[in-house]
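Here UniProt numbering is used: the first residue of the sequence shown is 5, the next is one more, and so on.
Accompanying notes for the structure given below.
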Amino acid sequence: ASDFGIYDALKVLGIKEINEGSSTGTNNFSSGETIASFSPVDGSLIAKVKTTTKEDYEQVMGTATAAFKEWRTKPAPQRGEIVRQFGDKLRELKEPLGKLVSYEMGKSYQEGLGEVQEMIDICDFAVGLSRQLHGLTMHSERPGHRMYEQYHPLGVVGIISAFNFPVAVWAWNTALAWICGDVCIWKPSEKTPLCGIACQHIAATVFKENNLPEGISCLINGDYNVGELMTGDARIPLVSATGSIRMGKIVAQAVAARLGKSLLELGGNNAIIVTPDADIKMTVIGAVFGAVGTAGQRCTSTRRLIIHESMYDKVKNAIVAAYNQLRIGNPLDENNHVGPLIDTDAVLQYNKALQQVVNEGGNLIVEGGVLEGQGYESGCYVRPAIAEAENHFKIVQHETFAPVLYLIKYSGDVENAIAIQNGVVQGLSSAIMTNNLREAEQFLSAWGSDCGIANVNIGTSGAEIGGAFGGEKETGGGRESGSDAWKVYMRRQTNTINYTTELPLAQGIKFDL
Ligand code: UN1
5 ASDFGIYDAL KVLGIKEINE GSSTGTNNFS SGETIASFSP VDGSLIAKVK TTTKEDYEQV
65 MGTATAAFKE WRTKPAPQRG EIVRQFGDKL RELKEPLGKL VSYEMGKSYQ EGLGEVQEMI
125 DICDFAVGLS RQLHGLTMHS ERPGHRMYEQ YHPLGVVGII SAFNFPVAVW AWNTALAWIC
185 GDVCIWKPSE KTPLCGIACQ HIAATVFKEN NLPEGISCLI NGDYNVGELM TGDARIPLVS
245 ATGSIRMGKI VAQAVAARLG KSLLELGGNN AIIVTPDADI KMTVIGAVFG AVGTAGQRCT
305 STRRLIIHES MYDKVKNAIV AAYNQLRIGN PLDENNHVGP LIDTDAVLQY NKALQQVVNE
365 GGNLIVEGGV LEGQGYESGC YVRPAIAEAE NHFKIVQHET FAPVLYLIKY SGDVENAIAI
425 QNGVVQGLSS AIMTNNLREA EQFLSAWGSD CGIANVNIGT SGAEIGGAFG GEKETGGGRE
485 SGSDAWKVYM RRQTNTINYT TELPLAQGIK FDL
């Protein structure tokens with residue numbers, strides 16, 4: 005069988021049998037126990053990584069702090085130039101890195117490439133932004149006074165990312181943080197540590213070529229215990245965390261306890277509303293890609309289809325027919341649509357969800373199941389499933405990180421569909437399929453979707469980097485990536501300058517000496 009060039013890719017990216025943590029050999033601190041990275045694609049051991057101990061962490065923090073002192077003095081456009089070079093390196097390495105993402109995480113090679121493209125896009129965005137870190141000027145109420153605001157670098161930013169987007173989410177954070185003058189310490193998911201090592205190598209090369217300290221980018225490895233070193237550390241003014249709601253609550257409380265800032269991008273329970281005016285063909289493409297893309301392991305994956313009763317059977321039949329066409333298998337083989345889940349524990353959660361939806365009175369119309377036999381040796385391949393369900397079911401309220409799609413019927417006006425769509429604790433992504441302007445605008449109005457992302461005639465997943473990415477309610481409220489998300493990576497300072505020989509007080513207060 006073909007190895008799809010994965011071994012060459014690993015070599016190019018500097019992935020060895022045992023990778024020692026923080027990377028180039030010049031800045032290598034990890035000395036703890038090793039964790040093994042197994043590929044869900046074929047179950048084989050890819051490499052081992054040493055974890056970061058508390059002592060290692062102190063050393064990492066030392067280099068990060070020292071690097072920050074140097075980096076913050078560089079003009080922002082010069083920092084942008086470094087990010088430009090980093091983006092160029094990613095262009096060169098797009099194929100091997102996309103392959104590693106696909107092999108270590110299990111998403112299709114096309115999606116692996118897409119993820120690296122998101123990294124390149126955010127670098128381009130950050131380069132432009134490096135000349136646009138604008139503050140406002142205000143008119144002072146006092147004569148001969150000037151008032152304005154400026155944005156300064158924040159310091160050492162902690163990044164905790166999830167396995168499902170093992171490289172792009174780091175890049176959204178780090179590319180912005182870097183141009184803002186911050187340095188970053190990244191803890192990638194312990195399920196995809198090699199993606200972290202590969203990215204660290206690429207960043208380190210760019211810093212080295214520019215005689216800059218590698219500490220501008222730092223990597224720590226391990227599970228939540230290692231993450232806790234950052235959440236409790238007052239030397240880290242901002243912790244950006246992407247992952248489960250459960251993890252986010254722990255991170256938020258630890259960071260808030262020391263009055264630090266956190267940027268949270270947590271679970272979704274994303275729905276597409278299909279109204280009587282929906283284009284069926286577009287609905288099927290959007291819904292199927294949304295539900296089975298990345299094997300249902302995007303935070304933006306489509307979990308619920310809320311379909312008008314007049315369209316219900318038509319949409320259901322079209323989607324079931326599309327599911328019958330799906331090819332499940334090695335994600336590096338471009339003939340396949342759906343790859344494996346991240347690990348066998350995820351398969352367990354998938355099985356539990358299917359069991360629970362039936363227990364709660366749901367009806368499995370595409371049964372799903374775990375695949376066995378040749379090509380499925382890792383035990384991580386499952387068939388995407390569809391259940392008819394009701395929104396109040398506990399399992400429907402819960403985000404299962406697997407390809408399980410719930411069909412929910414609504415009747416009457418679009419308001420009823422919006423109420424169902426909003427009737428969950430999560431608030432990340434949402435979509436409506438309609439050619440009816442009134443329905444579309446109601447969905448986007450103040451009494452419409454309560455999510456951070458609301459799309460018309462587009463599915464719930466696959467957002468572009470130019471917009472702010474994140475959501476409300478238990479999704480955590482943070483915004484990463486585009487728009488003005490950069491502001492959270494800087495500290496704002498208001499400056500008032502008096503160029504007279506008097507000292508008038510604000511609010512007209514008299515204080516004569
Ligand atoms: C995630 O799943 O954490 O919008 C990020 C999307 C991708 C990013 C998903 N651009 O689906």
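Note that the Cβ used here is the ideal one computed from N, Cα and C, for glycine as well.
Residues near residue i in its chain [Cβ-Cβ closer than 7 Å; skip 5 each side]
i, result
"L509", "F515"
"Q497", "E153, Q154, H156"
"L507", "none"
"N339", "R331"
"S26", "Low per-residue confidence applies at S26: pLDDT is 49, beneath 50, and the placement is therefore not dependable enough to give any value."
"G9", "K103"
"E37", "T55"
"A40", "L49, K52"
"Y316", "K413"
"G463", "I276, G290, A291, F293, G294, T306, A435"
"P241", "L158, G159, G264, K265"
"F129", "I469, G470, G486"
Delimiting residues of the beta strand (DSSP E) encompassing residue i
i, result
"M494", "494-502"
"L242", "242-246"
"Y152", "149-157"
"A275", "274-278"
"R308", "306-312"
"I457", "457-460"
"K265", "265-269"
"F211", "Note, F211: premise wrong, no beta strand (DSSP E); alpha helix (DSSP H) at 197-213."
"L140", "Looking at the DSSP string, L140 is not in any beta strand (DSSP E), and its letter there is neither H nor E."
Nonlocal neighbours in the same chain, by C-beta distance under 6 Å from residue i, ignoring five residues either side
i, result
"S165", "V173, W174, P192, T246"
"N31", "At N31, the pLDDT of 47 sits below 50, so the modelled position is not reliable and the matter cannot be decided from this model."
"E122", "A172, I469"
"A393", "V361, G366, V400, Y410"
"G475", "G431, L432, C455, G456"
"N23", "A51, V53, I201"
"E443", "T279, V418"
"residue 519", "In this structure the chain extends from 5 to 517, so residue 519 is not present and cannot be described."
"Q511", "none"
"A391", "V361, G366, L368, Y410"
Residue i Cβ short of 7 Å to the ligand UN1 heavy atom set
i, result
"G481", "no"
"V460", "no"
"A166", "yes"
"G110", "no"
"A260", "no"
"T246", "yes"
"A467", "yes"
"E122", "yes"
"C455", "no"
"F515", "no"
"V342", "no"
"residue 1", "Because the chain in this structure spans residues 5 to 517, residue 1 falls outside the shown range and cannot be described."
Closest Cα partner of residue i within the set the options
i, options, result
"I124", "T209, M109, V105, D92", "D92"
"L133", "L309, E419, I276, A179", "A179"
"L198", "G416, I469, Q497, K15", "K15"
"P147", "H402, N502, Q511", "N502"
"residue 4", "L517, K398, C455, V408", "A query on residue 4 cannot be resolved here, the shown segment of the chain reaching from 5 to 517 and no further."
"V400", "I310, E371, V131", "I310"
"I289", "L330, T141, L432, T235", "L330"
"T500", "S144, A68, G118", "S144"
"A326", "L336, A389, S248, L517", "A389"
"V87", "A68, V296, V342, D186", "D186"
"A238", "S465, V460, T69", "T69"
Sequence-distant residues of the same chain with beta carbon closer than 8 Å to residue i, five excluded per side
i, result
"E353", "It is worth fixing the name first, because residue 353 is Gln in this sequence and not Glu. Closer than 8 Å at the Cβ level, and outside the excluded window around Q353, lie T404, F405, A406."
"G471", "I457, S485, G486, S487"
"Y228", "M251, I254"
Extent of the continuous alpha helix (DSSP H) to which residue i belongs
i, result
"residue 4", "Past the edges of the chain, shown from 5 to 517, lies residue 4, and the structure says nothing about it."
"Y385", "Careful: Y385 lies outside any alpha helix (DSSP H) and carries neither H nor E."
"M437", "Where M437 is concerned, there is no enclosing alpha helix (DSSP H), although the beta strand (DSSP E) it sits in stretches over 433-437."
"G162", "From DSSP, G162 is part of no alpha helix (DSSP H) but of the beta strand (DSSP E) over 160-164."
"E232", "228-235"
"C442", "The sequence shown places Arg at residue 442, not Cys. Note, R442: alpha helix (DSSP H), 441-448."
"Y11", "10-16"
"A258", "249-261"
"A287", "First, the amino acid is wrong: residue 287 is Thr here, not Ala. Element bounds for T287: 284-296."
"A467", "That residue, A467, is in no alpha helix (DSSP H); it is neither H nor E in DSSP."
"T505", "Looking at the DSSP string, T505 is not in any alpha helix (DSSP H), and its letter there is neither H nor E."
"N180", "Per the sequence shown, residue 180 should be read as Leu rather than Asn. L180 -> alpha helix (DSSP H) spans 172-183."
C-beta neighbour in chain D for residue i, strict 8 Å
i, result
"P44", "As a matter of chain content, chain D is missing from the structure shown, which is built from one protein chain."
Kindly provide the ranges of any beta strand (DSSP E) runs that are 3 or more residues long and lie completely inside the segment 54-124, ordered along the chain. none
Residue ranges of each beta strand (DSSP E) run of no fewer than 3 residues wholly in the segment 324-411, ordered along the chain? 367-370, 389-392
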